[in-house]
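In the working numbering, the protein residues as written are 58 to 354.
The following block contains the structure:
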């Protein structure tokens, strides 16, 4: 995960190796700190412990696969090393996921939430589910904690920005999805309230993207492609937020037995939180990377 370019300035092989080791240790420390910063609240959540024990393995695998894809996208946009191939990118992402599982296992052990008598399925389920939140923090680590690499980040691009939005949506909604309040709010939401929630979500998403677009110097609401410009990005990001919301509700067994109206209410109301998360992630990563690219130019 360390940048090999850092070692080029050293005249001796020993100095280059020492610099490489130092960069590797620094990047791993960033990953651990970022993972704890983002994931620690969920590591203390009883609903997550319980769902890690009871979630169907297939649903857990779907969540892990989705989170890994998002982490790959995050690392492609703002990861620890820009000068890497796709193979190296996948290796870095796997390494980040491994670090996340290690962090989750250590914290759960310290809290007394994993013990041998619980059984391997319960232990693995809790670690895997909670590693999802931690992995989002490790992916953010280089963006939030790096003090010298920010000026060299490239613009994320439309697809990269959608990965960023998906990551923020997943993390924010994951904090809410397993709670009883989701059932209450989703079931009680009538049609006018659902429409208001949709409007609020779209306004928040559009305002965020319009602000970022203005910061980049763009004055157009529409771009050349469907994902260019704040209007197209808003629609795409909201669709991703709704998809993330549905996948989480499905994973936590909250869609079984729901009628169409109730299902829409659950997805749209959780989508409000997911949209806020997508907007926050875009501000943290998308705007920062664009600014960094402009500064580097």
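We put the beta carbon where it would ideally sit given N, CA and C, even for glycine.
Computed from a prediction, not measured in an experiment: that's the story for all the values here.
Exercise. Select from 287, 300, 124, 328 the residue whose C-alpha is nearest the C-alpha of residue 252.
Key: 328
Practice problem: Indicate the three-state DSSP secondary structure (helix, strand or coil) for residue 222 in the structure shown. | Solution: helix
Quiz item: When we look at the beta-carbon of residue 143 and count the other beta-carbons within 10 Å, is it buried (16 or more) or exposed?
Solution: exposed
Self-check item: N- and C-terminal bounds of the alpha helix (DSSP H) containing residue 287
Solution: 286–308
Self-check item: Counted within 10 angstroms of its Cβ, other Cβ atoms place residue 247 as buried (16 or more) or exposed
Solution: exposed
Exercise. List the endpoints of the continuous alpha helix (DSSP H) containing residue 101.
Key: Where residue 101 is concerned, there is no enclosing alpha helix (DSSP H), given that its DSSP letter is neither H nor E.
Exercise. State buried or exposed for residue 88, treating a residue as buried only when at least 16 other CB atoms are found within 10 Å of its CB.
Key: buried
Exercise. For residue 78, count neighbouring C-beta atoms within 10 Å of its own C-beta (all shown protein chains included) and say buried if the count is 16 or more, exposed if not.
Key: exposed
Self-check item: Three-state secondary structure (DSSP) of residue 81
Solution: helix
Self-check item: Three-state secondary structure (DSSP) of residue 169
Solution: coil
Quiz item: Alpha carbon to alpha carbon, how far is residue 221 from residue 292?
Solution: 15 Å
Quiz prompt | Which listed residue (116, 119, 153, 115) has its alpha carbon closest to that of residue 133 | solution = 153
Quiz item: Assuming residue 113 and residue 243 make a contact with CB atoms under 8 Å, what is their CB distance in whole Å?
Solution: About 21 Å separates the two Cβ atoms, so there is no contact after all.
Quiz item: Tell me which same chain residues have a C-beta within less than 7 Å of the C-beta of residue 255, skipping the five on either side of it?
Solution: 325
Quiz item: Which one of 307, 245, 239, 334 has the shortest CA to CA distance from residue 265?
Solution: 334
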